Amino acid sequence: SRLTKDPKYTYVRLSELKPGAVVNVYGVVVFFKQPCRTRGTDFCTSLKITDQSNQSVCCNIFCEKLEDHPKIFRIGDIIRLHRVKTQSFNDSVMLINTFGTSVVTFDGEQGGPVEPRTSCRTFHFDQDDSRAVEELRAWRAGRLVVLPSLTPLSAVQPRTFFDLTCQLLAKASMDSSCTLLRVWDGSRCPHPQLKVDIGPDVTEGPWSFSAQKEQLIANILVFDNHVELAKELKVPGDFLRIYNLRAIPGSHRLPGLSSSQPAELHHLAFHLHGGTAYGRGIRVLPETCPEVQELKRVLDSFQDDDLHDLLEAWNTPPERPSGENGSSEPELWLPVAAGRRCSHVLCPERLSEVRRSAPGGFHHVRVQLRSFQPSRPHQLLKLYCSKCCSMQDVPDDDLLEDIFSQASRKAATYEPPPWALSGTATLPLGPSVRTLDVHVSKELLDGVKTKQLIFIMGSSLEEALHLTSGYRNVVPVTSSRGHMTLLDLSAPFLFRGRRRYYGCRSCSNVVMRDPCSGGVELMDEKSIAEALGVELMRLVFLMKLELRDATDSLHAYLWRDAELFFGVTAEDAAANQESQSSVCRTLESLCPKEGSSGGRPWLDLCLVSYRAGDDGGQAQTCYQVCHSAMATP
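Per the UniProt record's numbering, residue 1 is the first one in the sequence shown, and the count goes up by one each step.
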């Protein structure tokens, strides 16, 4: 993230808050709930903060995306809120976020580094902020808030509630209202645990572990509203903090299993009950978190003999396998051009074994690339909406020029929005001089800031691209029913230099709000899309690979981890010729053209198998390359 240098902010003590104002505040978190879904489309984070004035204030943060919520890890964290609104509630003042609100959090432990935690790419932070955090840390340590202790598995007692920091190893859906999480923290629970017998067909992540490691694993059952979040957890690998986890002794049967399972009268079960009372919930911790760094040191010191033996066997060169035509294939004589980046503990398999396996698991394979589709570089890029999961082709310039031309012809008299200043721009393109209607926000009257954002009416595609050399953000617009609006979302709603940004036609609800209102600190594609009611689509790679080894071949998709595989982002490949050429060179090296002198290198890949419907609606087994990347020279 980049930090902005200005402006300076004025902060209000919590005891001085009055209803109906927009303020900036600092506080210590004394209570919080994980984000929970509201009746609408948003999630809500509820928290209570205090400061040196000893006044406690409640705060509600509403955001549609979980990643935009405050990154609060535990009571005692420091939070900074910019541009929050005060309002009266039950004879007291509470805080609520508005458009343009910025939230940054910090670890509340005295003596630790002052590292801002935020989803914003750019935010204001200077020595005054660092000093404010240190002052609140010192005040908290000497007076009020006691940081809750985190309980390792080795210290868990029956009939208690506790917070656990751990790593997720595997998970499985027990039924629609319950998910099993298999976690560890490097310590061993002193009490026998309820046994959970599940098969590999319902397990995400490794199905079994060594006997030594199995003794350190806790089986946690999460219920109701927490199941939705559990579905998004990445296995294996996510580091978690589970709040208000309950250790229950006695006889408990598991959801989704038959009543024939024997009762275990003296075994301990770990439950995360539904709801958000007492801060109950799950938080994914970043690897930069100090507690995660300490946990990783503990886990890295664990010696798994079975894992060591498996890795040793895998790294031992195998016999040369028979080729497709019965000849000897020089698997060991050719370089391994790609390797896995996962932490799965799996035996390597041949493709013939993979094809015989039931879907729903991971597979480690050593293969060659026989062919790939599409063959043209620009066709590798797709537009993907993470909200409705739709995917579409990136339109070519001929189609875009037609959309711009039609919008220009249909433009009629309209009323600019009240927040905009209107004018004209002269473009000396081609043999004639063109004049366009343009609009800028009144918030950008400063001579430098006027170059930040411009709305243009009636332009061609070429003219819109030309204006990107003088303006950081260019938004093409047209008129509809007497008002200014965006072009058809088949065209980019925003140009930023060589980059083009598209919105989802199904999920967007276009409004013409001022992207600069409320003193937005960062004006980028996300903030502009949010202001205009656009659901931002992102560029992704999508390919179909034909993989082979000595025993069989299969088709696998390269999509979710394609950027990891190529070492290039799809956004860069769309805007940068060198990045696009890098992808082409990679594919040519893996799959040389017929008649070339080079052999096809081997690829150590991780595949995931799953069931999906084909074009005719019939279920079929599909494969996807995941957790794999090209080897660095």
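We put the CB at the ideal spot given by N, CA and C, even for glycine. Keep in mind it's a predicted model, so treat the numbers as computed, not measured.
Q: Please state whether DSSP places residue 584 in a helix, a strand or coil.
A: Note: residue 584 maps to helix in three-state DSSP.
Q | Three-state class that DSSP yields for residue 194 in the structure shown | A | Residue 194 falls in the coil class under three-state DSSP.
**Q.** residue 507 versus residue 364: straight-line alpha-carbon distance, rounded
**A.** If you take the alpha carbons of residue 507 and residue 364, they lie about 37 Å apart.
Q.
Tell me which residue opens and which closes the alpha helix (DSSP H) that residue 225 is part of.
A. Run containing residue 225: 225 to 232, per the alpha helix (DSSP H) assignment.
Q. Are the region 65 to 83 and the region 93 to 111 touching, with three or more C-beta to C-beta distances below 8 Å?
A. The answer is yes - the region 93 to 111 touches the region 65 to 83, with three or more Cβ pairs under 8 Å.
Q: Leaving aside the five residues before and after residue 153 along the sequence, list all residues of the same chain whose C-beta is less than 6 Å from its C-beta, in chain order.
A: Take residue 153, set aside five residues on each side of it, and the residues of its chain with a beta-carbon closer than 6 Å to its own are 185, 187, 189 and 218, in chain order.
**Q.** Per-residue DSSP class, three states only, for residue 260
**A.** Low per-residue confidence applies at residue 260: pLDDT is 42, beneath 50, and the placement is therefore not dependable enough to give any value.
Q: Could you pull the start and end residues of the alpha helix (DSSP H) that residue 133 belongs to?
A: Secondary structure note for residue 133: its alpha helix (DSSP H) is the uninterrupted segment 127 to 142.
Q | Own chain partners of residue 439 with C-beta closer than 6 Å, once the 5 adjacent residues on each side are dropped | A | Sequence-distant partners of residue 439 (beyond 5 residues in either direction) whose C-beta falls short of 6 Å from its own C-beta, in its chain, are 416, 420, 422 and 455.
Q | First through last residue of the alpha helix (DSSP H) which encompasses residue 535 | A | Here residue 535 belongs to no alpha helix (DSSP H), and DSSP marks it neither H nor E.
**Q.** Element boundaries [beta strand (DSSP E), containing residue 553]
**A.** According to the DSSP assignment, residue 553 belongs to the beta strand (DSSP E) that extends over 553 to 558.
Q. Roughly how many angstroms lie between the CA atoms of residue 537 and residue 383, to the nearest whole one?
A. Answer to the nearest angstrom: the Cα atoms are 6 Å apart.
Q: On a CA-only basis, which of 80, 464, 427 and 608 is nearest residue 491? Give me that one, please.
A: Checking every option, the nearest Cα to that of residue 491 belongs to 464.
Q | Stretch pair the region 474 to 489 + the region 528 to 542: three plus CB contacts closer than 8 Å | A | Because the criterion of three Cβ pairs below 8 Å is met, the region 474 to 489 and the region 528 to 542 touch.
Q | Boundaries (first-last residue) of the beta strand (DSSP E) holding residue 440 | A | Its beta strand (DSSP E) spans residues 434 to 441.
**Q.** Limits of the unbroken beta strand (DSSP E) element including residue 249
**A.** Start and end: 239 to 249.
Q.
Just to confirm the assignment, what range does the alpha helix (DSSP H) spanning residue 17 have?
A. Counting along the chain, no alpha helix (DSSP H) covers residue 17, and no H or E run does either.
Q | Where the beta strand (DSSP E) through residue 462 begins and ends | A | Unbroken run through residue 462 is the alpha helix (DSSP H), 461 to 467; no beta strand (DSSP E).
Q: Rounded to whole angstroms, what's the CA-CA distance from residue 612 to residue 194? Just pull it up for me.
A: Taking the straight line from one Cα to the other gives about 34 Å.
Q) Should residue 45 and residue 70 be called a contact, given that it needs their Cβ atoms to be closer than 7 Å? A) Yes, these two residues count as a Cβ contact at 7 Å.
Q) In angstroms, rounded to a whole number, what distance separates the CA positions of residue 511 and residue 477? A) Residue 511 and residue 477: Cα-Cα distance of roughly 12 Å.
**Q.** Beta-bridge partners of residue 36, as assigned by DSSP
**A.** Beta-bridge pairing links residue 36 to 44.
Q) In the DSSP assignment, what residue or residues form a beta bridge with residue 184? A) Residue 184 pairs with 167 and 217.
Q. To the nearest angstrom, how far is it from the Cα of residue 587 to the Cα of residue 552?
A. Residue 587 and residue 552: Cα-Cα distance of roughly 21 Å.
Q) Where DSSP assigns a beta bridge to residue 630, which residues make up the other side? A) Looking at the DSSP assignment, residue 630 forms a beta bridge with 338.
**Q.** Span separating the alpha-carbon of residue 517 from that of residue 503
**A.** Cα to Cα, residue 517 sits roughly 21 Å from residue 503.
(Q) Taking the straight line between their C-alpha atoms, what separation do you get for residue 557 and residue 568? (A) Going from the Cα of residue 557 to the Cα of residue 568 covers about 17 Å.
Q.
Tell me the DSSP secondary structure of residue 505 in three-state form.
A. Looking at residue 505 - three-state DSSP - the assignment turns out to be coil, as it is neither helix nor strand.
Q) Which first and last residues belong to the beta strand (DSSP E) in which residue 546 is found? A) For residue 546, the enclosing beta strand (DSSP E) begins and ends at 543 to 548.
Q | Where residue 374 falls, given that 16 or more other Cβ within 10 Å makes a residue buried | A | With fewer than 16 Cβ atoms within 10 Å of its Cβ, residue 374 is classed as exposed.
Q) Which residue from 220, 224 and 216 puts its Cα closest to that of residue 196? A) Nearest to residue 196 by alpha-carbon distance, out of 220, 224 and 216, is 220.
**Q.** Length of the line joining the Cα atoms of residue 48 and residue 181
**A.** If I take the Cα positions, the gap works out to 30 Å.
**Q.** Closest residue to residue 134 among 159, 164, 52 and 202 (Cα-Cα distance)
**A.** If we check each option's Cα against that of residue 134, 52 comes out closest.
Q: My understanding is that residue 240 touches residue 183, with C-beta atoms under 8 Å, so please give their C-beta distance in whole angstroms.
A: A Cβ-Cβ separation of about 7 Å places residue 240 in contact with residue 183 under the 8 Å criterion.
Q: Use the C-beta contact count for residue 631: other C-beta atoms within 10 angstroms, 16 or more gives buried, fewer gives exposed.
A: By the neighbour-count criterion, in which a residue is buried when 16 or more other Cβ atoms sit within 10 angstroms of its Cβ, residue 631 is exposed.
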